[in-house]
Every structure is written in structure tokens, then in C-alpha cells.
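Here's the structure, in C-alpha cells; my notes come after.
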Amino acid sequence: MTTSSFPRDAHARAQSAAESSTSHPLRGLARAAVAAALLLGATSQLTACFPVIAAGVAGTVVSATDRRPTATQTVDRGLQLEVENTLASRYNGIARVNVTVFNRKVLLTGEAKDANVKQQIDQYVRGLPNAREVINDIEIVSTPGFAAQSQDAYLTSKVKTVLLTAEGVPSNSIKVTTEKSVVYLMGVVTAPEGDRATEAARNVSGVAKVVKAFDFVSEAERARLDAAATSQNTPPGGDTAGGTPAPVQSTPAAPTQYAPAPATGATVPAPVTAPVTPPVAVPPGRALP
């Protein structure tokens with residue numbers, strides 16, 4: 001980890017985060033946590049560690065307002081584990097796939113040794129009953145490797161920290177993943193929220209490009225989802241300076257509307273698109289966390 005000039009303005013950032021906490025109670029808690037992490041970073045001089053510290057501290061504060069129903073969050077975790085474990089066992093040595101799942105949308109990034117392997121992976125994931133959409137951004141390379149993963153993880157932590165402190169960005173409803181300095185943003189957001197999150201991410205130093213893979217909702221639906229998340233979901237027990245803003249890419253996706261979440265123990269809630277598809281039940285025998 002390296003040091004930088006961050007401590008000189010850490011107290012100013014911390015004060016700003018604390019002063020803005022009165023605009024929204026839950027957001028205020030998150031900003032207060034970030035402020036504490038900022039001061040910790042200034043004291044220790046280990047500024048390269050700061051994004052990880054801030055994201056970890058504030059994550060427990062904002063997770064309660066994830067716009068996904070708790071049933072969908074559970075399916076997302078189970079689906080991601082299932083795909084990761086299957087691909088790791090089937091394609092060890094010939095593919096390195098990073099799997100990210102949000103709202104039953106599956107993002108595949110990484111590397112495969114040829115087009116045939118990439119197609120096999122794609123067909124497998126699309127055949128899973130709980131995968132409602134698949135974005136396959138796997139790159140074909142002769143020798144899949146792991147060299148860039150450490151830097152990608154660091155960039156992801158920096159982007160998460162920036163989104164956490166950005167005004168008008170529902171960081172708790174956005175998932176970030178990075179592949180070879182390309183940042184992917186997934187989540188349930190309104191169009192303005194998505195634009196603000198994208199602009200914040202593309203200005204993070206080291207980000208080569210930002211790819212938007214959001215599910216967009218209306219303002220009215222956003223308000224309903226936030227109200228439902230606050231009452232239903234239970235919380236679990238960066239440096240933006242320098243460089244030219246990264247380009248932005250959007251994955252083709254139609255705006256999505258959501259049906260009300262079912263009661264506990266019912267079928268898994270599915271996003272409603274045109275044509276309308278029925279909810280998807282959790283397949284029996286799946287070991288969901």
C-alpha cells in the first residue's frame with residue numbers, strides 16, 4: 001500500500017460528510033461512518049487502504065435499504081455461488097470467470113481460451129431457471145490468467161467508496177465489479193441516479209471505462225421500493241482526483257418495473273417486463289445461503 005497527500009484534506013472531507021447527514025437519517029449514518037474512516041485514514045497515513053476501510057464500515061449501515069426484496073437477495077447469493085462453483089470445476093485452467101448477480105441479472109466477465117468455451121458457459125448460465133438475464137462480457141484469450149485481479153479489486157473498493165459519499169446515488173442498491181480496469185455498475189435505479197453514479201465512477205483515478213448494466217425504474221416505483229426496503233429488509237449483523245474521466249458504455253436493456261414482493265415463504269419475486277413472465281420458484285435441492 002502506498003501513501004499520498006490524502007491526509008491534508010481528510011478532516012475537511014470528514015466535516016463535509018458529517019454536515020450533510022441531516023438531509024436523510026440513514027444516509028447520515030452512512031456519511032458519519034465514512035467520516036470516521038476518513039479521519040482514521042488521515043491518522044494512519046495508509047491512504048491506499050482507505051476505500052476498503054470506508055466501504056467495510058459503511059456497508060453495515062446502508063444494506064438495510066437494498067431495493068431488492070430479501071427473497072431476491074437470497075436467490076442472488078445462491079445463484080452466484082452456484083455459477084461460480086460450477087464454472088470453477090468445469091473450466092479450471094481454460095477459463096477465469098468473474099460472476100456478479102444482482103436482481104437475478106447475471107454478469108459474466110473474465111477470460112476464456114476460445115469462443116467455444118465462452119459459448120458453453122453462456123448456454124449453461126442462460127439455462128438456469130433463476131437467471132432472468134445474462135450479460136456475457138467474457139474475453140477470449142489464449143491463456144486465461146489472474147494478473148489484474150488485485151488491481152481490479154482495489155478499483156472496485158475505490159468506486160464503492162465514491163458512490164457511498166456521492167449525493168443522490170443509492171449506493172446500497174448498486175453493485176460494482178471491475179474487470180481489467182473496466183467498471184460495471186448493476187442495480188435498481190432511476191435514470192438520474194444511474195447517470196450520477198456513472199459520472200462519479202468514471203472520474204475515479206484508474207478506471208478505464210464504465211459499463212452501465214442497470215435496471216431502471218420510475219420515480220414512483222423508486223419511492224415504493226425504498227419504502228418497502230426500509231420495512232422489509234433486515235441489515236446483516238476514494239480518491240477521485242487525476243486523469244481524464246473514463247468513457248461510459250451501456251448494455252442494451254429496457255426499463256424494468258417490479259411487482260410487489262410476496263410474503264415470506266412464497267415464490268421468488270420476478271421483475272415484470274413485456275411480455276409478463278410468472279414468478280420463478282427456487283429450485284429444490286439448491287443450497288442457498
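For what it's worth, UniProt numbering labels the leading residue of the sequence shown as 1, then goes sequentially. Every residue, glycine too, gets a C-beta built ideally from N, C-alpha and C. Computed from a predicted structure; not experimentally measured.
Measure the Cβ-Cβ separation of residue i and residue j and say whether it is below 8 Å.
i	j	result
ALA131	LEU79	yes
ILE121	ALA112	yes
LEU107	THR161	no
Assuming the contact rule is C-beta atoms closer than 8 Å, residue i and residue j should be a hit. Round their C-beta distance to whole Å, please.
i	j	result
VAL189	PRO170	6 Å
ALA208	ALA246	6 Å
ALA228	ASP66	The Cβ separation is near 11 Å, so there is no contact.
ASN103	THR72	6 Å
VAL248	VAL210	5 Å
Whose CA, out of the options, lies closest to the CA of residue i?
i	options	result
ALA201	ALA220, ILE174, GLU219	ILE174
ARG196	LYS212, VAL207, GLY93, SER205	LYS212
ILE94	ALA71, LYS118, VAL101	LYS118
THR244	ALA223, VAL204, ALA228	VAL204
TYR91	TYR124, ARG67, ALA166	TYR124
LEU185	GLY127, ILE135, ARG77, GLN151	ILE135
ARG126	GLY145, THR70, LYS105	LYS105
VAL101	PHE146, PRO192, ARG222, GLY187	GLY187
GLU133	ARG222, ASP215, ASP226	ASP215
Could you pull out every residue in the same chain whose Cβ sits closer than 8 Å to the Cβ of residue i, ignoring the five residues on either side in sequence?
i	result
GLU219	THR190
LEU163	VAL169, SER171, ILE174, VAL176, ALA197, ALA200, ALA201
SER150	none
ASP76	ARG68, VAL101, PHE102, ASN103, ARG104
GLU193	GLY168, VAL169, PRO170, ARG222
PHE146	ARG96
SER231	none
Residues in the same chain with beta-carbon distance under 6 Å from residue i, minus the five sequence neighbours each way, listed in chain order, please.
i	result
VAL99	GLN80, VAL83, GLU84
THR109	ASN98, ASP137, GLU179
HIS24	Because the pLDDT at HIS24 is just 48, under 50, the model does not fix this residue reliably, and the value given afterwards should be weighed accordingly. Excluding positions up to five away in sequence, the list is empty.
Got a sec? Which residues, its chain only, sit under 7 Å from residue i by beta carbon, not counting five neighbours each side?
i	result
ARG224	none
ASP226	THR65, ARG67
**Asked** Would you say the segment 126-141 touches the segment 152-160, given that touching needs at least three Cβ pairs under 8 Å?
**Response** Short answer: they don't touch.
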